[in-house]
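S.K.:
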Amino acid sequence: MYAPNTSIIIMGHSMGGVVATSLLPSEKISSIITMSTPHTLPPARFDQRIDQLYVHNQQILLHDTTPIVSLCGGATDMMIPSESCILPSTDNSDAQNAPFRRTVFSSALEGAWTGVGHREMVWCHQVRWRVARAALELSLGLNAVGRGLILDRWLRDGHTLPPFRPDDESASLENYEALPPKVPLILKHPRGPASYLLPVPSTSRRFTLFVSQGSIPPISPQNPNSLQVSVYLCDSSAQCEALHPTTQKLIPNPIPGRVFPVPKEGSDESEGVVLFEANIPTSSSEQWVAVVLESARGEGWVAGGFSTEDVLEIDVSMLRMLFKNPVVNLTDSNALRTVVRFPNLLTHALVVYRVTPQYSDVACKDPLLPPLLMHTSHPSETHYFPLTFYPDRRILLHTHGWAPYVSSTSASSKGLDFVIYSSGSSGCSSSLSGFYLAIDWVATIGRWPTRYFTTIASWAVGIVSIILFQVFDSTENDASTSVPSPQQSLNTFCRKTIPKLLLASYVTALVPFPPEYFIGTSGNLALALLAPFFILLATGLVCTSWLVLVILMWPIAKISSLFIGRQREDIVSARRSTLVSICFISLLVFFIIPWQVAYLSCWIIHLYNTASARYDGAEPAESTPTEPVAIPLLEREGDRDEGSPQDATGRPSRRSIKDHYRLKNINHSMHLLLLMTWLLPLAAPVLVVWVRTLATAGLTTPFDGDHFFLNVAPFLVLVDFASWTSGPLFQKHHFEKYISAKWVFALVAGVAFFVGPRKTYHVFDSARIAIAILAIVRIGPKYWGAVSWTKRR
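Counting along the sequence shown from 1, when you hit position 23 you're at 23 in full-length UniProt numbering, and nothing is skipped either side.
1) Are the beta-carbon atoms of F276 and Q248 separated by less than 9 Å?
2) Measuring alpha carbon to alpha carbon, tell me which residue in L510, K324, I280 and P532 is nearest K500.
3) Thinking C-alpha only, which one of G214, S489 and S283 is nearest V273?
4) Let me know if V464 comes out buried or exposed under the rule of 16 or more other beta-carbons within 10 Å of its beta-carbon.
5) Mind checking F306: buried by the 16 CB within 10 Å criterion, or exposed?
6) Determine, using beta-carbon pairs with one atom in the stretch 19-27 and one in the stretch 51-61, whether at least three such pairs fall under 8 Å.
7) What separation, rounded to the nearest whole angstrom, lies between the Cα atoms of A509 and A526?
8) Are L233 and W288 closer than 9 Å when you measure CB to CB?
9) Buried or exposed, going by whether 16 or more other CB atoms sit within 10 Å of the CB of I150?
10) In angstroms with no decimal places, state the Cα-to-Cα distance between I8 and S458.
11) Under 9 Å, do R130 and V122 count as touching if we go by C-beta distance?
12) Which residue comes first and which comes last in the alpha helix (DSSP H) that contains Q559?
13) Does the stretch 307-316 come into contact with the stretch 252-269, if we say contact requires no fewer than three beta-carbon pairs (one atom in each stretch) closer than 8 Å?
14) Could you please give the first and the last residue of the uninterrupted beta strand (DSSP E) stretch that includes A242?
15) Could you please give me the residues that DSSP links to I395 through a beta bridge?
16) Quick one: is the Cβ of L87 within less than 8 Å of any heavy atom of the ligand NAD?
17) Beta carbon of V69, beta carbon of I10: below 9 Å?
18) To which residues does DSSP link T382 through a beta bridge?
19) Which residues bound the alpha helix (DSSP H) around S489?
20) Does the stretch 442-461 come close enough to the stretch 481-500 to have 3 or more Cβ pairs within less than 8 Å?
21) Considering only the alpha carbon of each residue, which of Y353, W678, Q48 and V183 lies closest to residue 795?
22) Curious, which full-length beta strand (DSSP E) runs of at least 3 residues does the stretch 11-87 contain?
23) Straight-line CA distance for K737 to V717?
24) Which residues in the same chain as residue 795 place their Cβ atom closer than 6 Å to its Cβ, once the five residues preceding and following it in sequence are excluded?
25) In the DSSP output, what is S295 paired with across the bridge?
26) If you measure between the beta carbons of P81 and A403, is that distance less than 9 Å?
27) Are T66 and S30 closer than 9 Å when you measure CB to CB?
28) Do V302 and I186 have their beta-carbon atoms positioned less than 9 Å apart in this structure?
29) Considering only residues of the same chain and omitting the five flanking positions on each side of N344, which have a CB-CB separation below 6 Å?
30) What are the start and end residues of the beta strand (DSSP E) that includes K249?
31) Identify which residue in S601, G148 and H118 has its Cα closest to the Cα of E134.
32) Between I776, P681, L682 and A722, which lies nearest to H671 when the distance is taken from Cα to Cα?
33) Quick one: measure Cβ to Cβ for F418 and H375, integer angstroms, because I've assumed they're closer than 8 Å.
34) Buried or exposed: where does F591 fall if 16 or more other Cβ atoms within 10 Å of its Cβ makes it buried?
35) Please state whether DSSP places A3 in a helix, a strand or coil.
36) Where does K414 fall in DSSP's three states?
Take a look at the structure:
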């Protein structure tokens with residue numbers, strides 16, 4: 001509907017932002033604004049094509065010149081980890097030609113100052129009106145630089161300084177009021193114009209100024225009052241130059257006695273305070289800072305003064321935090337600015353700290369700016385917390401800068417820093433005397449599921465693969481050895497294997513792998529214990545899943561026994577009808593349905609066959625025979641007597657051999673069912689999306705998806721062969737003398753533990769390859785009827 005050659009603005013919410021970015025480069029797109037978009041890490045990592053799309057987008061984000069702003073919700077966003085919302089940092093060697101990229105957390109967005117939920121990002125008023133205003137003015141931008149300035153103006157978080165106006169570079173003061181040394185500037189309901197000179201002390205070279213609801217051009221609330229202030233640095237001759245700030249932004253001024261932000265309402269931007277901070281350069285002559293009230297009609301207030309660069313450093317380790325909470329006493333409760341640093345504490349998305357303020361007996365009844373804690377955990381992330389008394393409110397310090405499976409070059413994992421601002425002495429003493437710092441375990445543990453749910457699913461596949469490796473290792477060298485049931489395998493794994501696996505996982509977690517591998521913590525000592533914890537959790541889920549399968553198989557077997565009788569004939573090779581069915585399914589996958597649909601069908605069929613075989617008669621699979629059954633290498637004429645378990649020579653009859661193989665095959669099938677069950681979550685998300693597309697868009701929609709039918713072909717062969725074979729399901733061949741096919745499950749376990757958490761689709765790929773190798777090496781000849789499971793003469 002736009003005229004030709006019209007450049008448009010694209011706004012994308014959630015994965016819509018990924019789609020918008022993938023459209024670049026394009027001359028038709030002037031800028032992109034994304035909201036709660038996971039730019040660096042897909043929330044569901046089950047499809048290789050998604051990963052390829054993200055690799056393509058990373059190159060766009062690093063090199064394309066189209067301005068892009070990413071709005072992030074922070075910890076309030078419960079659907080995506082907000083560390084994936086942070087745009088990758090570009091090369092700063094050429095700042096003028098670097099593409100415009102801004103990551104703005106809503107907790108730092110001027111006028112919002114709070115986290116925003118994933119869906120709420122679209123309709124939160126404090127966010128949407130600024131996005132709308134930026135969109136309206138972007139048409140005035142003639143190039144990428146101009147559009148970047150417009151975006152910076154309306155979507156400010158205070159991390160970038162506003163441009164200076166040329167007419168504010170210098171001034172000459174005539175009428176001014178000089179304040180005594182070390183006396184802060186406190187102006188309630190000021191009237192002007194007026195000028196105030198503050199002598200710069202030799203020991204305090206940092207100047208801090210607060211202007212309530214007014215402006216220090218060009219920063220102000222959207223509707224400022226009449227109070228307008230300028231700041232200059234003057235010498236002894238009263239010649240002044242504009243003082244360039246290190247910080248100039250709008251911060252909130254919470255109302256004492258009220259929750260901040262107001263639930264379901266948020267903050268009112270008109271209540272904001274302009275914060276101005278500057279470092280005074282050293283000079284041999286006397287210096288003054290001039291605070292000039294350009295206009296004032298008795299509205300708002302002004303507070304300013306000098307503070308030292310001293311940092312209140314608390315030496316406490318992460319180990320001590322586990323047993324004792326440090327207490328921080330504020331020596332100067334009237335300081336305008338207090339910097340607190342914990343150099344040895346971990347700053348990570350997996351750890352959340354809790355601050356509990358302490359109050360003295362003397363309280364300030366009418367503070368201009370009550371103590372306000374500003375926590376900047378990342379160059380793009382800032383949080384504000386009023387340190388006033390709220391009995392039921394927790395002050396939680398969290399970060400999204402350093403996180404598992406996300407590469408971060410702009411944030412450090414060591415050191416917890418925050419600043420406490422207050423208006424200083426205004427006729428009464430501050431009631432804040434200090435605070436406690438502790439790890440908030442509820443919030444900390446609550447962070448783990450959203451970042452490790454794919455890790456748990458991947459590691460569960462790894463655990464099942466280890467169990468399968470152990471089963472093959474204990475049975476393939478002796479044909480008379482019985483295959484343990486899944487209950488026995490899980491019991492053996494929990495008693496013998498898990499202690500070794502826990503120790504190995506902890507040692508591995510200490511190795512500084514890149515963040516894409518294992519648990520993604522790059523060898524951090526404090527987080528290494530997560531690996532054994534996830535091993536135990538994944539093992540518990542595997543055991544629980546087997547219990548669920550047992551419960552599910554019981555009614556299936558009872559129902560199937562009413563309609564289907566026992567097998568009446570032996571089948572020694574694949575039937576022609578089966579081969580035709582497999583070819584037909586392959587054609588369906590190739591042209592119409594995703595392979596995930598065929599895999600789900602395989603799982604359902606295998607579940608049905610295993611349930612029918614498991615409960616067909618007694619259940620000897622639950623216990624291991626006390627004496628091994630002798631299996632002859634060659635079947636003789638006398639072995640054909642099926643009237644008794646043994647023939648006249650005492651050898652096992654053909655029936656006893658078939659029963660032995662039947663028990664082994666049932667247990668093998670149950671182990672494979674457990675593996676296929678844990679592979680199902682890796683394929684289910686794509687299947688759900690496909691079904692939803694059909695339900696919402698109709699059958700006219702192209703059946704897009706992954707149509708590589710070889711992804712499911714090995715499972716088709718395996719499930720079909722397991723349903724009719726009366727011989728051994730897996731028989732070791734002579735060419736496995738040097739390397740056994742069982743090692744494919746060790747490969748699956750390695751991929752699941754190291755690569756799977758970041759690229760989950762590799763787990764299914766490795767499992768598919770393992771099943772394909774088994775199908776080719778141990779099933780193929782028997783499946784196609786080349787040889788029988790016994791030699792006859």
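Beta carbons: idealized from backbone N, C-alpha and C, even for Gly.
M.R.: So, to answer that:
1) Taking the first residue of the sequence shown as 1, we reach residue 276 at position 276. Taking the first residue of the sequence shown as 1, we reach residue 248 at position 248. Yes, these two residues count as a Cβ contact at 9 Å.
2) As a position in the sequence shown, residue 500 is number 500, starting the count at 1. Of L510, K324, I280 and P532, the residue nearest in Cα terms is P532.
3) Along the sequence shown, one-based indexing puts residue 273 at 273. Closest by alpha carbon: G214.
4) Translated into positions along the sequence shown, residue 464 becomes position 464. Flag for V464 reads buried.
5) By one-based count along the sequence shown, residue 306 stands at place 306. It is buried - the Cβ of F306 has at least 16 other Cβ atoms within 10 Å.
6) yes
7) Here residue 509 is taken as the residue at index 509 of the sequence shown, counted from 1. Here residue 526 is taken as the residue at index 526 of the sequence shown, counted from 1. About 10 Å.
8) Indexing the sequence shown from 1 puts residue 233 at position 233. Indexing the sequence shown from 1 puts residue 288 at position 288. Note that the C-beta distance between L233 and W288 is below 9 Å.
9) Taking the sequence shown and counting its residues from 1, one reaches residue 150 at position 150. Answer is buried; the Cβ neighbour count reaches 16.
10) As a position in the sequence shown, residue 8 is number 8, starting the count at 1. As a position in the sequence shown, residue 458 is number 458, starting the count at 1. Between I8 and S458, the C-alpha separation is close to 42 Å.
11) By 1-based counting over the sequence shown, the position of residue 130 is 130. By 1-based counting over the sequence shown, the position of residue 122 is 122. Not in contact: R130 and V122 (Cβ atoms no closer than 9 Å).
12) Residue numbering aside, residue 559 sits at position 559 when the sequence shown is read from its first letter. A quick correction: the sequence has Ile, not Gln, at residue 559. First-last of the alpha helix (DSSP H) with I559: L530 to S561.
13) no
14) By 1-based counting over the sequence shown, the position of residue 242 is 242. Element bounds for A242: Q239 to A242.
15) Stepping through the sequence shown from its first residue, residue 395 is reached at position 395. Paired residue(s): V355.
16) This structure lacks the ligand NAD, and indeed carries no ligand of any kind.
17) Counting from 1 along the sequence shown, the entry for residue 69 is found at position 69. Counting from 1 along the sequence shown, the entry for residue 10 is found at position 10. For V69 and I10, no; Cβs fall outside 9 Å.
18) Locating residue 382 in the sequence shown gives position 382, where the first residue counts as 1. T376, per the DSSP bridge assignment.
19) Sequence index remark: in the sequence shown, residue 489 carries index 489 (1-based). That run of the alpha helix (DSSP H) goes P486 to T492.
20) Contact check between the stretch 442-461 and the stretch 481-500: fewer than three CB pairs, one atom from each, fall below 8 Å, which does not count as touching.
21) The question about residue 795 has no answer, for the chain in this structure spans 1 to 793.
22) 29-35 and 68-72
23) Here residue 737 corresponds to residue number 737 of the sequence shown, with the count starting at 1. Here residue 717 corresponds to residue number 717 of the sequence shown, with the count starting at 1. K737 and V717: Cα-Cα distance of roughly 25 Å.
24) Beyond the ends of the chain as shown, which are 1 and 793, falls residue 795; an answer cannot be given.
25) Along the sequence shown, read from residue 1 onward, the residue named residue 295 stands at position 295. Partner(s): Q228.
26) For the purposes of this step, residue 81 is identified with residue 81 of the sequence shown, where counting begins at 1. For the purposes of this step, residue 403 is identified with residue 403 of the sequence shown, where counting begins at 1. Cβ distance < 9 Å, so P81 and A403 count as in contact.
27) Taking the sequence shown and counting its residues from 1, one reaches residue 66 at position 66. Taking the sequence shown and counting its residues from 1, one reaches residue 30 at position 30. A Cβ-Cβ contact shorter than 9 Å links T66 with S30.
28) Counting from 1 along the sequence shown, the entry for residue 186 is found at position 186. Counting from 1 along the sequence shown, the entry for residue 302 is found at position 302. In this structure, V302 lies closer than 9 Å to I186 by Cβ.
29) Sequence index remark: in the sequence shown, residue 344 carries index 344 (1-based). Only S317 meet the Cβ criterion.
30) Residue numbering aside, residue 249 sits at position 249 when the sequence shown is read from its first letter. That run of the beta strand (DSSP E) goes T247 to I251.
31) Mapped onto the sequence shown, residue 134 falls at position 134. At residue 134 the sequence reads Ala, which differs from the Glu that was named. Distances from the alpha-carbon of A134 to those of S601, G148 and H118 put G148 closest.
32) Taking the sequence shown and counting its residues from 1, one reaches residue 671 at position 671. The candidate whose alpha carbon is nearest that of H671 is A722.
33) In the sequence shown, counting from the first residue as 1, residue 418 sits at position 418. In the sequence shown, counting from the first residue as 1, residue 375 sits at position 375. Right, their Cβ atoms sit about 4 Å apart.
34) Position 591 of the sequence shown, counted from the first residue, corresponds to residue 591. Exposed, by the Cβ-count rule.
35) Locating residue 3 in the sequence shown gives position 3, counting from the first residue. The answer is coil: DSSP assigns A3 none of H, G, I, E or B.
36) Here residue 414 refers to the residue found at position 414 of the sequence shown. In this structure, K414 counts as strand in the three-state DSSP scheme.
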